[in-house]
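Visitor: Here the protein sequences line up with chains A, B, C and D, keeping their order. The number in the working numbering is simply the position in the first sequence, starting from 1, with 181 added. The number in the working numbering is simply the position in the second sequence, starting from 1, with 181 added. The number in the working numbering is simply the position in the third sequence, starting from 1, with 181 added. The number in the working numbering is simply the position in the fourth sequence, starting from 1, with 181 added. Don't be surprised by glycine CBs; every beta carbon is placed ideally from N, CA and C. Next up is a structure, given as structure tokens.
4 protein chains.
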Amino acid sequence: MAAASNFYSVVAGVGAGTGRSVALKFAKAYPVALLARNPANYESIVKEINQAGGHAIGISTDVSSPDAVKKAFAEIKKEFQGKKLAAAIYNVGGRFVRKPFLEMTLEEYEAGYESNGRGFYLFAQATLPLLLESVETSPHPPSLIITGATASLRGSATMSSFASGKFALRATGQSLAREFGPRGIHVAHAIIDGVIDIPRTHDWPVNGGVPDGKISSDAIADSYWYLHTQPRSHFTQELDCRPYVEKF
Amino acid sequence: MAAASNFYSVVAGVGAGTGRSVALKFAKAYPVALLARNPANYESIVKEINQAGGHAIGISTDVSSPDAVKKAFAEIKKEFQGKKLAAAIYNVGGRFVRKPFLEMTLEEYEAGYESNGRGFYLFAQATLPLLLESVETSPHPPSLIITGATASLRGSATMSSFASGKFALRATGQSLAREFGPRGIHVAHAIIDGVIDIPRTHDWPVNGGVPDGKISSDAIADSYWYLHTQPRSHFTQELDCRPYVEKF
Amino acid sequence: MAAASNFYSVVAGVGAGTGRSVALKFAKAYPVALLARNPANYESIVKEINQAGGHAIGISTDVSSPDAVKKAFAEIKKEFQGKKLAAAIYNVGGRFVRKPFLEMTLEEYEAGYESNGRGFYLFAQATLPLLLESVETSPHPPSLIITGATASLRGSATMSSFASGKFALRATGQSLAREFGPRGIHVAHAIIDGVIDIPRTHDWPVNGGVPDGKISSDAIADSYWYLHTQPRSHFTQELDCRPYVEKF
Amino acid sequence: MAAASNFYSVVAGVGAGTGRSVALKFAKAYPVALLARNPANYESIVKEINQAGGHAIGISTDVSSPDAVKKAFAEIKKEFQGKKLAAAIYNVGGRFVRKPFLEMTLEEYEAGYESNGRGFYLFAQATLPLLLESVETSPHPPSLIITGATASLRGSATMSSFASGKFALRATGQSLAREFGPRGIHVAHAIIDGVIDIPRTHDWPVNGGVPDGKISSDAIADSYWYLHTQPRSHFTQELDCRPYVEKF
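If you want it as structure tokens, here you go:
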């Protein structure tokens with residue numbers, strides 16, 4: 182665990198799955214700030230990292246609130262002053278609404294966009310200026326890595342809330358990759374196509390319940406780290422991740 | 182012009198281009214309600230249709246406002262009582278913001294979603310129940326037709342506002358096609374890939390200024406009518422439209 | 182049926198479904214030449230068109246053979262001398278092989294490409310020069326219309342033969358659209374996503390056997406005619422067609 | 182360099198760029214067989230690997246010839262007897278023809294398919310049975326990794342030869358991923374979107390000639406190795422690679 186780096190990282194959206202694995206992975210190289218609405222989602226991870234000799238902080242943040250994001254980054258800059266941002270990961274799932282369209286309220290429909298559209302806008306506005314400051318010195322191209330889903334590519338029946346948010350997120354990610362890539366920032370988007378293996382899903386009979394039929398969140402974290410360490414002569418903008426048995 | 186049909190149509194987003202052409206086209210078969218925020222955008226079209234023996238009304242509506250949409254459809258139902266909805270066209274462009282991401286305010290970023298995400302949600306919520314009532318009797322499968330753009334498929338640099346809205350719109354359209362297609366509703370999405378030939382753009386030197394280098398809005402209207410008249414054994418979910426000289 | 186037009190059309194790949202419907206549709210406007218390997222596939226259609234006052238010929242042609250295609254077009258030019266080509270439709274299905282990859286012979290694998298790659302190359306080489314001659318005078322932009330399939334977008338398990346051919350066909354169609362569009366030729370590609378309703382498939386329990394659960398080939402022909410009649414200010418390069426109940 | 186592994190790898194299509202880098206990368210873990218039509222393309226790489234303590238052989242092979250491929254794999258099995266195949270990389274570029282369609286001969290058009298369609302079929306037929314034998318014991322899921330290009334996704338004007346081949350290759354790769362993924366084989370496809378930095382291209386003024394404006398072939402090799410080492414609970418089927426300044 183690396184408490185002493187001149188760089189730090191931020192992970193928005195941590196819980197039992199991808200966020201935790203990503204935090205642990207990046208904490209090996211950089212101090213890390215973890216954002217989640219509910220402190221219960223990051224407290225044990227922060228503790229785990231710090232006890233292992235790393236440096237982590239958690240900040241209770243509603244990423245769809247401009248004030249909350251502003252406050253979170255003020256705290257981050259204070260905590261990590263003198264360090265620069267090397268990697269920002271946007272892994273916010275948000276509220277997942279799946280229901281027949283005519284039973285879906287506006288507020289439910291907009292939940293998808295709030296997390297994946299507005300929330301990402303706010304996160305990108307906060308992190309891109311910091312990432313730009315790291316271009317010259319960061320050990321790897323400063324990275325903004327985004328978690329997508331099957332619904333980033335496909336609007337399935339009854340999934341309009343989640344899919345509209347994930348489509349908007351992907352659009353914005355592409356736009357930023359095209360604008361900030363030439364400035365040295367690596368903006369990458371991962372399509373997570375399958376159920377992630379976390380305590381809550383562990384016993385779900387996905388893919389016939391075969392071993393490794395759910396996605397290992399540690400493997401996703403490896404992918405994000407791999408994306409982060411790509412040189413600027415070879416940026417991957419998009420990759421997919423799915424278990425070997427997943428239908429696609 | 183058909184004032185006497187048992188069915189009517191609604192076009193949201195009318196102005197000098199696609200909306201006007203679509204209104205004139207559908208007015209040949211059905212009375213038509215035109216929605217636009219600014220009455221100047223529909224007044225002359227309403228007049229043109231009514232003078233030609235058709236039946237049109239215009240309603241000043243902010244489609245991203247739940248109350249405004251509610252009020253508009255109350256008025257529509259009153260005006261067309263006894264008739265059923267055969268076709269609903271969502272052609273709202275919304276505010277178009279193109280600027281470097283770090284100069285874009287949240288309010289500017291969200292403009293894309295407000296028109297194309299929230300606005301379409303409200304329009305679809307208002308029209309789908311009415312379209313469902315027409316399935317048995319409508320001369321053609323009741324249709325919900327959506328105007329997309331190049332930005333529906335591609336998030337270009339500095340275009341995150343518009344692209345995130347158009348991606349969200351496409352996601353929702355796909356989701357509705359999958360949910361309501363089997364119930365007999367035709368949900369179709371057109372990708373308008375090029376500049377539309379309207380008075381404002383007429384002299385733009387697009388595609389070298391060659392004849393027909395911009396898209397004819399009347400031809401778009403023909404496409405929408407063609408989509409509307411497809412039988413349920415052959416629904417087109419998506420098509421693109423571009424001038425013969427357009428780079429793509 | 183139009184025997185007297187100054188223009189003619191060619192349909193490669195006729196049988197009981199799309200090809201027949203397309204031939205009948207285009208024969209209303211233009212004399213038509215029908216190509217199929219097996220004369221039994223066009224004889225009754227030729228007869229039907231000619232008896233209805235149209236003008237059709239059938240030519241036994243293996244479209245993957247350069248000599249056969251050369252010979253067919255020599256015959257076509259002789260038959261229709263003085264007329265120009267307005268529309269060419271490539272609707273060749275070819276041999277359909279679906280089997281586990283390791284059981285598939287090279288000859289079976291290549292069957293997909295032979296019909297959809299090489300065959301289309303030969304057809305396009307024969308028709309594009311003729312279509313170019315019609316640009317100035319044809320009632321509609323001279324058109325090269327291509328039949329794709331679900332497998333044009335997706336390589337499913339055990340479908341590598343058909344999918345590699347359909348992908349190659351789509352690639353070539355896109356390339357021609359980009360090269361010949363600006364010269365006034367409309368190259369369009371239709372993705373037929375579902376089972377077509379022909380005598381052989383009529384009783385297949387597709388989509389639960391519901392009415393209209395298979396695609397009407399007459400509706401596909403209407404689409405092709407619609408594509409052909411689009412003005413050059415609005416070319417559709419790609420559209421999909423599927424029954425309302427099809428999963429996608 | 183690892184001469185003593187119980188596993189070996191095969192790279193088809195080696196030269197100055199990706200193939201060489203991939204060979205050097207995989208040779209660190211496994212003995213490697215290099216296939217190229219022209220021995221000059223592999224001789225120096227074979228020497229380089231063997232002198233560094235690795236184990237490489239080169240076999241002159243026309244991958245589009247069934248006999249040549251058969252002969253090559255007989256030689257490979259003999260050379261590496263007792264070892265199992267862990268990774269097979271298909272990196273064949275083939276003859277690149279870019280010219281106006283009407284000037285392109287059939288033989289030129291088919292060059293794309295021969296390398297990327299037929300050649301890959303033959304390579305996959307030869308390697309998949311060997312990869313299947315390694316599923317239980319290979320240190321990483323046995324991998325079949327495919328080199329794609331911009332033209333895998335887009336048929337540009339005058340590029341029908343190359344694009345039809347690369348589309349066919351991608352279709353076949355998807356089909357194999359869906360068939361063999363559940364059997365434990367990782368089939369992955371990389372879209373190389375940009376010019377690779379090799380001696381021949383080094384001075385090309387690509388992307389304004391900025392540093393790192395071409396793709397590092399070593400970075401591509403790192404990607405292939407990363408793909409190979411992914412666990413079966415997280416297979417990436419497709420990723421793209423481009424320089425930070427590439428327009429896309």
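Residues of the stretch 299-320 of chain B with a CB closer than 8 Å to any CB of chain A: list them in chain order, please.
Guide: Answer in chain order: Arg299, Tyr302, Leu303, Ala305, Gln306, Leu309, Pro310.
Visitor: Helix, strand or coil for D:Ile379? Go by DSSP, reduced to three states.
Guide: Looking at D:Ile379 - three-state DSSP - the assignment turns out to be coil, as it is neither helix nor strand.
Visitor: Could you work out which residues of chain G lie near B:Phe348, taking near to mean beta carbons separated by less than 7 Å?
Guide: No chain G appears in this structure, whose protein chains are A, B, C and D.
Visitor: 7 Å is my cut-off, CB to CB: does C:Ser296 come that close to chain D?
Guide: No, C:Ser296 does not count as interfacial toward chain D.
Visitor: Name the chain D residues that come within less than 8 Å of A:Phe416, Cβ to Cβ?
Guide: Within chain D, the residues near A:Phe416 are Cys422, Arg423, Pro424, Tyr425.
Visitor: Kindly provide the ranges of any beta strand (DSSP E) runs that are 3 or more residues long and lie completely inside the stretch 359-429 of chain D, ordered along the chain.
Guide: Counting only runs of 3 or more, we get 367-373, 419-422.
Visitor: If you reduce the DSSP assignment to three classes, tell me which class B:Gly329 lands in.
Guide: B:Gly329 falls in the strand class under three-state DSSP.
Visitor: From the DSSP secondary-structure annotation, give me the bridge partner or partners of D:Lys265.
Guide: Paired residue(s): D:Phe188.
Visitor: When you compare each of C:Thr331, C:Leu325, C:Val250, C:Val227 to C:Arg359 by their alpha carbons, which one comes out closest?
Guide: The shortest Cα separation from C:Arg359 among C:Thr331, C:Leu325, C:Val250, C:Val227 belongs to C:Leu325.
Visitor: If the criterion is Cβ atoms closer than 7 Å, does the pair A:Thr242 and A:Ile401 meet it?
Guide: No. Outside cutoff.
Visitor: Using a Cβ cut-off of 8 Å, which residues of the stretch 404-415 of chain D contact any Cβ in chain A, in chain order?
Guide: Here the close residues are Ser404, Tyr407, Gln411, Pro412, Arg413, Ser414, His415.
Visitor: Counting only beta-carbon atoms, is B:Phe282 nearer than 7 Å to chain A?
Guide: With 7 Å as the cut-off, B:Phe282 counts as an interface residue toward chain A.
Visitor: Taking the straight line between their C-alpha atoms, what separation do you get for D:Leu452 and D:Val316?
Guide: Outside the shown range of chain D, which is 182 to 429, sits residue 452 of chain D, and nothing can be said about it.
Visitor: For B:Asp378, collect the residues of the same chain with a Cβ closer than 7 Å to its Cβ; drop the 5 residues on either side in sequence, then sort them by chain order.
Guide: Closer than 7 Å at the Cβ level, and outside the excluded window around B:Asp378, lie Lys395, Ile396, Ser397, Ser398.
Visitor: Give, in chain order, every residue of the stretch 228-250 of chain C whose Cβ lies closer than 9 Å to some Cβ of chain D.
Guide: Listed by position, the residues of the stretch 228-250 of chain C near chain D (Cβ gap below 9 Å) are Pro247.
Visitor: Against chain A, does B:Tyr271 count as a neighbour if the rule is that its beta carbon must be under 7 Å from one of theirs?
Guide: Chain A, which has no Cβ nearer than 7 Å to the Cβ of B:Tyr271, makes this no.
Visitor: Is C:Gly336 near C:His370, with beta carbons less than 7 Å apart?
Guide: Result no, Cβ atoms of C:Gly336 and C:His370 do not sit closer than 7 Å.
Visitor: What does C:Glu419 reach in chain B if we use C-beta pairs closer than 9 Å?
Guide: Correct list: Glu419, Leu420, Asp421.
Visitor: So what does DSSP say about B:Ser356, is it helix, strand or coil?
Guide: Looking at B:Ser356 - three-state DSSP - the assignment turns out to be helix.
Visitor: Taking CB distances under 7 Å as the criterion, tell me whether B:Asp393 reaches chain C.
Guide: Taking Cβ atoms only, chain C reaches closer than 7 Å to B:Asp393, which makes this a yes.
Visitor: Around the Cβ of A:Glu314, are there at least 16 other Cβ atoms within 10 angstroms (buried) or fewer (exposed)?
Guide: Burial call: exposed.
Visitor: When you compare the CB positions of A:Gly389 and A:Asn272, do they come within less than 7 Å of one another, or not?
Guide: Their beta carbons are not under 7 Å apart, which means A:Gly389 does not touch A:Asn272 by this criterion.
Visitor: In chain order, what residues of the same chain have a beta carbon less than 7 Å from the beta carbon of C:Ser202, not counting five sequence neighbours either side?
Guide: Answer for C:Ser202: Ser398, Asp399, Ile401, Ala402, listed in chain order.
Visitor: Would you call the stretch 202-216 of chain C and the stretch 420-428 of chain B touching, i.e. three or more CB-CB distances under 8 Å?
Guide: These segments do not touch.
Visitor: Kindly list the residues whose CB is nearer than 8 Å to the CB of B:Lys347, restricted to its own chain and excluding five residues on each side of it in sequence; keep chain order.
Guide: Excluding residues within five positions, the ones whose Cβ falls inside 8 Å are Gly293, Asn297, Gly329, Ala330, Ala332, Ser333.
Visitor: Let me check understanding here. Comparing Cα to Cα, which of D:Ala197, D:Ser190, D:Pro412, D:Ala352 lies closest to D:Gly274?
Guide: The shortest Cα separation from D:Gly274 among D:Ala197, D:Ser190, D:Pro412, D:Ala352 belongs to D:Ala197.
Visitor: Under 7 Å, Cβ to Cβ, is there at least one residue of chain A near D:Gly390?
Guide: So, not an interface residue.
Visitor: What in chain A is Cβ-close to D:Ile401, meaning under 8 Å?
Guide: The answer, in chain order, is His415.
Visitor: Quick one: what's got a C-beta closer than 8 Å to C:Ile372's C-beta in the same chain, skipping five residues either side?
Guide: Contacts found: Gly329, Ala330, Thr331, Ser333, Leu334, Glu419, Leu420, Asp421, Cys422.
Visitor: So D:Ser178 and C:Met340 are supposed to be a Cβ contact under 8 Å. How far apart are they, rounded?
Guide: As displayed, chain D neither begins before 182 nor continues past 429, which places residue 178 of chain D out of reach and without an answer.
Visitor: Going along chain B in order, which residues have a C-beta closer than 7 Å to the C-beta of C:Ile396?
Guide: Neighbours of C:Ile396 on chain B, chain order: Ser414, His415.
Visitor: Output the boundary residues of the beta strand (DSSP E) element that contains D:Gly239.
Guide: That run of the beta strand (DSSP E) goes 237-241.
Visitor: Assuming D:Tyr223 and C:Tyr302 make a contact with CB atoms under 8 Å, what is their CB distance in whole Å?
Guide: The Cβ separation is near 32 Å, so there is no contact.
Visitor: Closer than 8 Å between beta carbons: that is the criterion. Which residues of the stretch 317-346 of chain B meet it against chain A?
Guide: From the stretch 317-346 of chain B, only Ala332, Arg335, Gly336, Ser337, Ala338, Thr339, Met340, Ser341, Ala344, Ser345, Gly346 have a Cβ closer than 8 Å to chain A.
Visitor: Quick one: is D:Pro281 buried, meaning 16 or more other Cβ sit within 10 Å of its Cβ, or exposed?
Guide: D:Pro281 comes out exposed.
Visitor: Using DSSP's beta-bridge definition, name the partner residues of C:Ala193.
Guide: In DSSP, C:Ala193 forms a bridge with C:Leu216, C:Tyr271.
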